[in-house]
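Q: Quick one: this structure, given as structure tokens, is what I'll be asking you about.
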Amino acid sequence: MNDEQKLPAVESNPAQARSETSEESSPERLVFTPPIDIYESGDDLVLRADLPGVKLDSVDVQVQDNRLTIFGRVTDFLPQGARTLHQEFQVGDYLRSFILSDQVDHSRIVARLNNGLLEVVLPKAPRVQARRIQVND
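Take the working numbering: the final residue in the sequence shown is number 387, and no numbers are missing along the way.
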């Protein structure tokens with residue numbers, strides 16, 4: 251990649267994003283940084299986040315001031331009345347934040363969650379065509 255290219259989605263500081271989410275994680279909950287893949291497909295950028303254990307009602311994707319924030323909460327899945335004898339699965343929150351460039355059309359962003367895989371489609375903004383400006387006297 252040459253130095254003149256701009257990356258359409260640039261990662262931000264996850265700790266900073268935590269204070270800006272509408273549903274903040276509490277201090278006793280673990281906060282995980284989910285692995286992310288970003289690829290280009292036609293006129294879209296596609297962001298995939300691995301959020302195992304996150305259900306549709308506990309995921310939040312927001313865009314505010316060019317910042318895309320992904321928040322997911324994993325809740326305890328123990329049946330009522332059960333007692334933990336050994337636990338390796340951890341319960342906590344997923345949090346990741348990105349700064350979006352002007353190359354992304356924020357109004358057309360869509361997200362889907364399927365079996366713990368969050369896919370966020372970031373449509374590219376239409377390019378402004380160069381045009382000749384008539385000069386009048």
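Ideal Cβ positions, reconstructed from N, Cα and C, are used throughout, including at glycine.
Are there 16 or more other CB atoms within 10 angstroms of the CB of Y289, so buried, or fewer, so exposed?
A: That one is exposed.
Q: Note down the Cα distance separating A375 from N316, rounded to an integer number of angstroms.
A: Using only the alpha carbons, I get a separation of about 13 Å.
Q: Are the segment 293 to 312 and the segment 342 to 358 touching, with three or more C-beta to C-beta distances below 8 Å?
A: Flag = yes, the segment 293 to 312 and the segment 342 to 358 touch.
Q: Are L306 and L363 close, meaning C-beta to C-beta below 7 Å?
A: It is a contact, given that the beta carbons lie within the stated cut-off.
Q: What are the start and end residues of the beta strand (DSSP E) that includes G322?
A: Note, G322: beta strand (DSSP E), 317 to 323.
Q: Mark R323 as exposed unless 16 or more other C-beta atoms lie within 10 angstroms of its C-beta, in which case mark it buried.
A: Label assigned to R323: buried.
Q: With I286 and L297 assumed to form a contact (beta carbons below 8 Å), what rounded beta-carbon distance in angstroms separates them?
A: Contact holds; Cβ gap of about 6 Å.
Q: Helix, strand or coil: how does DSSP classify R298 here?
A: In this structure, R298 counts as strand in the three-state DSSP scheme.
Q: How long is the line joining the alpha carbons of Q384 and D352, rounded to whole angstroms?
A: C-alpha separation (whole angstroms): 27 Å.
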